[in-house]
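Structure first, then comments.
Protein chains: 2
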Amino acid sequence: METYMIFRDLAIILISAKLCGLAAAKLKAPQVVGEIIAGLLIGPSILGLVQQTELISGMAEIGVVLLMFFAGLQTSLKDLMRTGWKALLIACSGVFVPLAGGYLLYCCYYGFAPTGSGQFYSALFTGVIMTATSVSITVASLQELGYLKSETGTTIMSAAIIDDVIGIIVLTFVVGMKDPDSKPSAVIISTVLFFAAAVVFGVITYKIFKILDKKYPHTRRIPILGFVLAFAMAYAAERFFGIADITGAYVAGIILCSIDDSEYIARKVDINSYMLFAPVFFASIGLKTSIDDMTPALLIFSILFVIVALVTKVIGCGAISRLLGFHSLDSLKIGVGMMTRGEVALIVAQKGLQVQMIESKYFSAVILLILVSSVITPVILKMLYQKKE
Amino acid sequence: METYMIFRDLAIILISAKLCGLAAAKLKAPQVVGEIIAGLLIGPSILGLVQQTELISGMAEIGVVLLMFFAGLQTSLKDLMRTGWKALLIACSGVFVPLAGGYLLYCCYYGFAPTGSGQFYSALFTGVIMTATSVSITVASLQELGYLKSETGTTIMSAAIIDDVIGIIVLTFVVGMKDPDSKPSAVIISTVLFFAAAVVFGVITYKIFKILDKKYPHTRRIPILGFVLAFAMAYAAERFFGIADITGAYVAGIILCSIDDSEYIARKVDINSYMLFAPVFFASIGLKTSIDDMTPALLIFSILFVIVALVTKVIGCGAISRLLGFHSLDSLKIGVGMMTRGEVALIVAQKGLQVQMIESKYFSAVILLILVSSVITPVILKMLYQKKE
Chain W
0 METYMIFRDL AIILISAKLC GLAAAKLKAP QVVGEIIAGL LIGPSILGLV
50 QQTELISGMA EIGVVLLMFF AGLQTSLKDL MRTGWKALLI ACSGVFVPLA
100 GGYLLYCCYY GFAPTGSGQF YSALFTGVIM TATSVSITVA SLQELGYLKS
150 ETGTTIMSAA IIDDVIGIIV LTFVVGMKDP DSKPSAVIIS TVLFFAAAVV
200 FGVITYKIFK ILDKKYPHTR RIPILGFVLA FAMAYAAERF FGIADITGAY
250 VAGIILCSID DSEYIARKVD INSYMLFAPV FFASIGLKTS IDDMTPALLI
300 FSILFVIVAL VTKVIGCGAI SRLLGFHSLD SLKIGVGMMT RGEVALIVAQ
350 KGLQVQMIES KYFSAVILLI LVSSVITPVI LKMLYQKKE
Chain B
0 METYMIFRDL AIILISAKLC GLAAAKLKAP QVVGEIIAGL LIGPSILGLV
50 QQTELISGMA EIGVVLLMFF AGLQTSLKDL MRTGWKALLI ACSGVFVPLA
100 GGYLLYCCYY GFAPTGSGQF YSALFTGVIM TATSVSITVA SLQELGYLKS
150 ETGTTIMSAA IIDDVIGIIV LTFVVGMKDP DSKPSAVIIS TVLFFAAAVV
200 FGVITYKIFK ILDKKYPHTR RIPILGFVLA FAMAYAAERF FGIADITGAY
250 VAGIILCSID DSEYIARKVD INSYMLFAPV FFASIGLKTS IDDMTPALLI
300 FSILFVIVAL VTKVIGCGAI SRLLGFHSLD SLKIGVGMMT RGEVALIVAQ
350 KGLQVQMIES KYFSAVILLI LVSSVITPVI LKMLYQKKE
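What follows is the structure in structure tokens.
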């Protein structure tokens with residue numbers, strides 16, 4: 000590929016994302032929805048103007064990490080502590096209800112199979128794919144609406160981070176059921192180690208940043224070192240602990256959320272994000288979608304898959320929130336905020352393909368889930384947050 | 000490659016670039032030098048921590064375009080007009096003196112050859128590689144020193160943009176001498192067409208931006224549309240007119256340099272640039288350098304190649320500047336500012352390889368030229384600009 004094609008792709012992505020974003024805002028929908036639709040429009044399914052390249056997918060990855068780092072920076076550590084145990088219960092329920100729902104859907108559609116058979120694992124894995132919440136779109140929506148730091152916003156963020164960990168543990172258990180090489184106990188240990196290491200490393204890093212920030216306030220080195228921390232923790236989480244990179248970036252944000260210049264760092268992250276990386280990320284979701292090799296049977300299954308995945312997440316997280324004392328409207332906000340799925344669901348699906356638990360044709364169902372949840376969640380969230388209590 | 004490796008690479012690039020940049024600043028050298036040395040340190044030649052990937056080279060390309068767009072935004076159109084004809088003469092002399100120098104160097108080292116022979120073309124092409132100035136590093140240095148908008152700064156920028164065009168015409172002529180398919184007249188026509196189109200399109204775009212800027216001052220859409228313009232013109236210049244992408248981005252900056260929010264756009268470009276893209280670009284220059292398959296004879300040739308390329312550019316641009324009435328010190332500044340070579344020299348070399356005029360082993364000489372000129376130009380420029388007149 001000629002290098003100048005990069006600029007053609009970026010120009011098309013930015014202008015279409017901005018125009019569709021503004022159109023969405025005109026229609027009272029969040030801009031994020033417009034940006035995803037822009038990706039769908041310019042992608043291979045409709046106009047075919049832009050293809051997914053290594054650069055675009057790489058920039059999309061950076062965009063996700065920047066969004067999560069920004070979310071971490073905006074976190075109030077006090078609020079996270081306060082909502083901690085509630086978030087844990089919400090996350091647990093939000094993992095296990097969809098897990099059961101996915102399993103039952105597959106069994107009802109293709110028939111129940113004896114434990115240990117290939118079809119049993121396919122059914123179980125269908126549930127596993129449904130577990131992973133990916134809140135980057137919720138984060139962007141809440142940020143746009145101004146509710147990222149609200150109680151429900153913080154609860155969603157906290158639940159999502161715990162959800163990620165539980166989801167990975169469940170994945171490892173299920174994969175481990177078939178493959179004797181993978182040890183679930185090792186995963187639990189590495190997860191505990193990650194958070195233990197994050198606390199120790201976090202306290203030290205926080206103190207270093209405090210000193211640097213006092214000595215060189217409002218200088219470029221502070222946000223640049225912030226970026227370094229976010230990227231390094233994204234890498235370390237996934238490389239050394241098997242935790243998703245976005246979790247690492249989010250934790251990096253939390254480490255820095257209490258220093259004096261956290262708002263200064265956040266502003267630099269935000270500018271980098273909204274000028275280039277976030278539009279590329281949202282457009283790339285649309286780009287990934289292709290409407291090929293879709294049989295009627297698979298289409299029906301995919302639609303059911305999407306409905307079950309969304310409803311079970313809303314019920315799983317919403318019902319327990321209600322039980323924990325949240326208002327009905329707030330419980331619904333939490334359930335809806337948790338129902339977005341993203342690249343983690345795709346990574347999980349890829350893992351299932353690797354260990355031969357699912358077939359590649361189910362990828363389109365996952366992509367449909369990501370797309371639908373990405374498009375409808377911001378719309379519903381906006382409606383819910385604008386509703387009078 | 001696992002996607003999390005992206006973050007490892009970025010973290011290493013950013014931290015090493017910042018540390019080496021700060022060390023360079025401590026030693027009174029421009030930070031840019033430190034950032035290039037950082038790339039050399041972490042690259043395959045020394046520590047081997049980071050490899051050139053499609054993402055890194057793509058981000059480096061975006062970095063170059065952002066730097067040129069920023070330079071264009073900082074341009075004073077009045078000054079460009081005033082220095083126009085001087086810049087033209089400086090550019091011409093700065094192309095033809097190195098062209099002759101490179102030809103003579105090759106002939107002296109490997110022996111004169113009859114016109115039309117393979118060796119004759121190799122000699123001629125050695126000269127062609129030396130013609131292309133790449134001022135992005137000069138721009139970054141002048142910006143850091145605060146002299147980008149000075150008379151010498153504007154002259155360098157104007158001469159470099161004209162140099163680019165003349166260099167491409169020379170390249171096409173030389174390639175055309177061997178290949179009957181390539182028509183030099185067509186290239187001249189497309190070049191004229193590009194600048195004619197840029198003027199017409201520029202006036203219209205300027206008016207549209209003026210209206211948008213009045214209606215939505217200081218909104219995100221203004222800098223985002225600025226990015227779109229920069230990327231679109233970088234693409235269009237190279238795709239439809241065969242002009243370097245950086246020229247397109249620079250012209251995009253010039254189109255917007257007189258609107259009210261040009262400083263607002265420039266600030267967003269700058270933040271995107273210094274937080275991520277510029278460090279990646281400068282580090283990638285160091286990354287490209289490998290010290291393999293270097294024979295003593297080739298090493299000596301490479302060193303002579305670098306010396307001739309630098310000296311002929313300084314003489315070519317400096318002498319004519321002196322004749323045009325600049326002070327001696329200012330003439331030297333212009334000569335030195337024009338002597339940096341960058342990715343355009345590599346692209347020219349690639350073209351020479353394609354049409355079998357040079358061998359791939361001479362690539363290391365070109366990389367050495369880029370590296371040496373990138374490292375010493377900022378140092379010399381800083382010395383010259385801090386000298387009392």
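Protein sequence lines, in the order shown, are assigned to chains W and B. Under numbering that gives the first Met the number 0, the first sequence has 105 at position 106, and the numbering climbs by one with no breaks. Under numbering that gives the first Met the number 0, the second sequence has 112 at position 113, and the numbering climbs by one with no breaks. Beta carbons: idealized from backbone N, C-alpha and C, even for Gly.
query, result
"Would I333(B) pass as a contact of S92(B) if the rule is Cβ separation under 7 Å?", "no"
"Need the endpoints of the alpha helix (DSSP H) that Y120(B) sits in, please.", "G117 to T130"
"Please confirm if R340(B) has its CB atom under 7 Å from at least one CB of chain W.", "no"
"Within the same chain, show all residues whose beta-carbon is closer than 6 Å to that of I357(W), passing over the 5 residues directly before and after it, in chain order.", "S121, F124 and G351"
"Taking the alpha carbon of K360(B) as the point to measure from, which residue in T130(B), V374(B) and L297(B) has its own alpha carbon closest?", "L297(B)"
"Of all Cβ atoms in chain W, is any one closer than 7 Å to the Cβ of A251(B)?", "no"
"Measuring CB to CB, does S184(B) end up less than 7 Å from G241(B)?", "no"
"Output, in chain order, the set of chain W residues within a Cβ distance shorter than 7 Å of M274(B).", "P222, I223, F226, K267 and N271"
"Comparing alpha-carbon positions, which option in G20(B), V354(B), P222(B) and L88(B) lies nearest A139(B)?", "G20(B)"
"For F111(W), is the classification buried or exposed, using 16 other Cβ atoms within 10 angstroms of its Cβ as the cut-off for buried?", "exposed"
"Below 6 Å CB to CB, which residues in the same chain sit around L228(B) once its five sequence neighbours on both sides are set aside?", "A251"
"Could you tell me which of G247(W), V31(W), L224(W) and A308(W) sits nearest to F194(W), measuring between CA atoms?", "G247(W)"
"Keeping to the same chain, check which residues put their C-beta closer than 6 Å to that of G100(B); ignore five residues upstream and five downstream.", "V307 and T311"
"Near L192(W), what residues of its chain come up, given a Cβ to Cβ distance below 7 Å and the 5 sequence neighbours on each side ignored?", "F240"
"With a threshold of 7 Å between beta-carbons, can T294(W) be considered close to chain B, or not?", "no"
"Do we get a CB-CB distance below 7 Å when we pair Y41(B) with the residues of chain W?", "In the sequence as displayed, the identity of residue 41(B) is Ile instead of Tyr. False, the Cβ-Cβ gap to chain W never drops below 7 Å."
"Might you give, ordered along the chain, the residues of its own chain that have their beta carbon closer than 7 Å to the beta carbon of F362(B), omitting 5 neighbours on each side?", "A348"
"Along chain W, in chain order, which residues have C-beta atoms closer than 7 Å to that of A10(B)?", "V227, F230, A231 and Y234"
"Could one say the Cβ of F362(B) lies closer than 7 Å to chain W's Cβ atoms, at least one of them?", "no"
"Please compile the residues from chain B whose C-beta is within a distance smaller than 7 Å of the C-beta of L57(W).", "The question names Leu, but residue 57(W) in the sequence shown is Gly. The answer, in chain order, is I5 and L54."
"Anyone know if the C-beta pair for S301(W) and L370(W) falls short of 7 Å?", "no"
"What distance in whole Å lies between the Cβ atoms of I11(W) and L66(W), which are believed to be in contact at a cut-off of 8 Å?", "About 22 Å; that fails the 8 Å criterion."
"Quick one: Cα of F276(W) to Cα of G62(W), how far?", "4 Å"
"Comparing C-alpha positions only, which one of V279(W), N271(W), L380(W) and A243(W) sits nearest to D163(W)?", "A243(W)"
"Taking contact to mean 3 or more Cβ pairs, one atom from each stretch, closer than 8 Å, check whether the region 212–225 of chain W and the region 250–270 of chain W are in contact.", "yes"
"Cα separation between Y146(W) and S149(B)?", "47 Å"
"Can you find the residues in the same chain that come closer than 8 Å, C-beta to C-beta, to I221(W), ignoring five residues on each side of it along the sequence?", "F208, L211, D212, Y215, D260, Y263 and I264"
"Would you check if the distance between the CB atom of F280(W) and the CB atom of A59(W) is smaller than 7 Å?", "yes"
"Which residues, in order along the region 61–87 of chain B, keep a beta-carbon less than 9 Å from a beta-carbon of chain W?", "I61 and V64"
"Could you check whether the Cβ of D162(B) sits closer than 7 Å to any Cβ belonging to chain W?", "no"
"Output yes if chain B places a C-beta closer than 7 Å to the C-beta of E237(W); else output no.", "yes"
"Find the residues of chain B that neighbour I14(W), judging by a C-beta separation of less than 7 Å, and give them in chain order.", "V227"
"List, in order along the chain, the chain B residues whose C-beta lies closer than 7 Å to that of T2(W)?", "E60"
"Distance cutoff 7 Å, beta carbons only. Does D406(W) sit that close to anything in chain B?", "Lying before the first or after the last residue shown, residue 406(W) is absent from chain W, which here runs from 0 to 388."
"Note down, in chain order, all residues in the region 193–224 of chain W with a beta-carbon under 9 Å from any beta-carbon belonging to chain B.", "R219, R220, P222, I223 and L224"
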